[in-house]
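Residue numbers (the UniProt record's numbering): 1 to 497.
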């Protein structure tokens, strides 16, 4: 493909992307395809001769688009939103056009310096303390692929710091901590690194957040066994319920254990810190006071296209001491003089994508006000959905609504006269209802289990979602609830007979 052919194909791609988004609402959220649909449509080996790009582009429309789950659809309420703005798309296009691996400053100075500044812009947007700024010269921020990578990097750095300050400690004596509501990234980090991970139970009466006393007891038990606690993941906005750990209590406990690294994972909820009115709930003061590292994802609810996981540390030296491997061929006079950041020493890989371009494009295009407006509108929509659940006689909230997430379940109190609605029965009923919802192509929700209670998650965040989409979703949920009640009334009646 030459320049003019690329120009023509680029125009066509932009036109088709625009057509895609202009018709998005008319498409099914979930594709009506079966496993293997694409495998059966593709040849089992690459073509011997190159093909005309018009044919390739047409096949994308014909074969790929029909198999997409549309995360930007206004009726997508599953998992958490994945940002996909036009500004982010253009940022990705420009970034991929230059192919800079960005492993050190000299490989492309713009890659490093734009990332440094975008991490500082983002820190200031969220209200993070100056010690998290790259300009501080002590701490700083770096773009990672996902929050899982951020947690893994933080775990590696915490382990290295602990082993360095506690020589003679055996790896099998180390223990890290998560809660039963922490994202699986914590357990996965322990599996990758071969570390013991203790899962701390949290209670519904504590809104599924970790209390300081729970942590204190666990630490004392493990230390008495000769273990070496070194790392804790606290969460602001868990995946299952949106729970927020009691960081003030946790931080007070950790004051007595200064060798323990506190990583605060706020993958989806961290962007609420952009709005001053939510900073108390999201515990900004405690994050700034106690967190050794903090991470959030702009590619979830932060308007920046995947991937854009932001990680800040109080001490960049903790990262470089753990991850700096500099063979001769990577040495530069700027690095040797300590004049620049080499981001390869801030994460696990060597090469890296030029992600900061899309962050730059988005933050400049939306500004602080536009970013805040989007967050506030999503929370207002979720508050509206929660009000629909509260007003229903057949549904109940299982946890307090958290920013843009509502967790609820069907509890048909008067639907089955003479039948005791046990926890097991309610779980079975809700599984049946969720199966009905999951079989639809016009809406997508996800399930979770909170301390044995099966429930349904409803996450707001797609940029095109409006109040009418929530009304439509609620109507569909009620419809499937009605069918579920009828189904179970017949089952229970048959069981009595």
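Ideal Cβ positions, reconstructed from N, Cα and C, are used throughout, including at glycine.
Backbone CA spacing between residue i and residue j [nearest angstrom]
i           : j           : result
residue 216 : residue 338 : 40 angstroms
residue 89  : residue 495 : 56 angstroms
residue 299 : residue 13  : 22 angstroms
residue 142 : residue 265 : 15 angstroms
residue 229 : residue 203 : 23 angstroms
residue 356 : residue 134 : 14 angstroms
residue 33  : residue 144 : 33 angstroms
residue 474 : residue 169 : 55 angstroms
residue 30  : residue 251 : 43 angstroms
residue 427 : residue 468 : 30 angstroms
residue 249 : residue 84  : 37 angstroms
residue 281 : residue 449 : 24 angstroms
residue 11  : residue 5   : 10 angstroms
residue 491 : residue 408 : 23 angstroms
residue 52  : residue 461 : 39 angstroms
residue 124 : residue 87  : 21 angstroms
residue 322 : residue 277 : 37 angstroms
residue 289 : residue 487 : 53 angstroms
residue 208 : residue 279 : 19 angstroms
residue 324 : residue 158 : 14 angstroms
residue 330 : residue 99  : 18 angstroms
residue 113 : residue 136 : 14 angstroms
residue 56  : residue 41  : 13 angstroms
residue 119 : residue 296 : 11 angstroms
residue 373 : residue 66  : 33 angstroms
Among the options, the one whose alpha carbon lies nearest that of residue i
i           : options            : result
residue 28  : 68, 41, 61, 64     : 68
residue 463 : 395, 379, 388      : 379
residue 223 : 238, 174, 248, 243 : 174
residue 213 : 195, 11, 151, 247  : 247
residue 231 : 240, 209, 176      : 176
residue 386 : 373, 405, 377, 371 : 405
residue 505 : 119, 64, 114, 389  : Given that the chain is displayed from residue 1 to residue 497, the structure contains no residue 505 and the question cannot be resolved.
residue 218 : 410, 66, 114, 179  : 179
residue 371 : 487, 45, 122, 57   : 122
residue 381 : 171, 459, 296, 93  : 459
residue 50  : 1, 74, 97          : 1
residue 58  : 283, 233, 16, 425  : 16
residue 206 : 7, 245, 18, 420    : 245
residue 305 : 91, 18, 66, 296    : 91
Contact check, residue i vs residue j, beta carbons under 8 angstroms
i           : j           : result
residue 485 : residue 415 : yes
residue 105 : residue 332 : yes
residue 375 : residue 455 : no
residue 259 : residue 165 : yes
residue 436 : residue 369 : no
residue 102 : residue 343 : yes
residue 394 : residue 412 : yes
residue 181 : residue 241 : yes
residue 398 : residue 326 : no
residue 22  : residue 237 : no
residue 443 : residue 476 : yes
residue 163 : residue 341 : no
residue 44  : residue 146 : no
residue 287 : residue 263 : no
Integer-rounded CB distance, given that residue j should sit under 8 angstroms from residue i
i           : j           : result
residue 431 : residue 446 : Not a contact, Cβ separation roughly 13 angstroms.
residue 154 : residue 261 : 7 angstroms
residue 353 : residue 95  : 7 angstroms
residue 254 : residue 127 : With a Cβ gap of about 22 angstroms, residue 254 and residue 127 do not count as contacting.
residue 24  : residue 72  : 6 angstroms
residue 271 : residue 302 : 5 angstroms
residue 156 : residue 193 : 7 angstroms
residue 93  : residue 63  : Not quite, the Cβ-Cβ distance comes to about 23 angstroms (not below 8 angstroms), so this is no contact.
residue 74  : residue 465 : 4 angstroms
Short CB-CB distance (under 8 angstroms) between residue i and chain E
i           : result
residue 400 : Of the protein chains in the structure, only one exists, and it is not chain E.
message: Three or more C-beta pairs under 8 angstroms: does that hold for the segment 78-85 against the segment 313-328?
response: no
task: Answer yes if the segment 183-201 comes into contact with the segment 356-365, meaning at least three C-beta pairs across the two stretches below 8 angstroms, and no otherwise.
output: no
- prompt: Would you call the segment 303-311 and the segment 106-113 touching, i.e. three or more CB-CB distances under 8 angstroms?
  reply: no
- prompt: Can you find at least 3 beta carbon pairs, one from the segment 173-192 and one from the segment 344-355, that sit closer than 8 angstroms?
  reply: no
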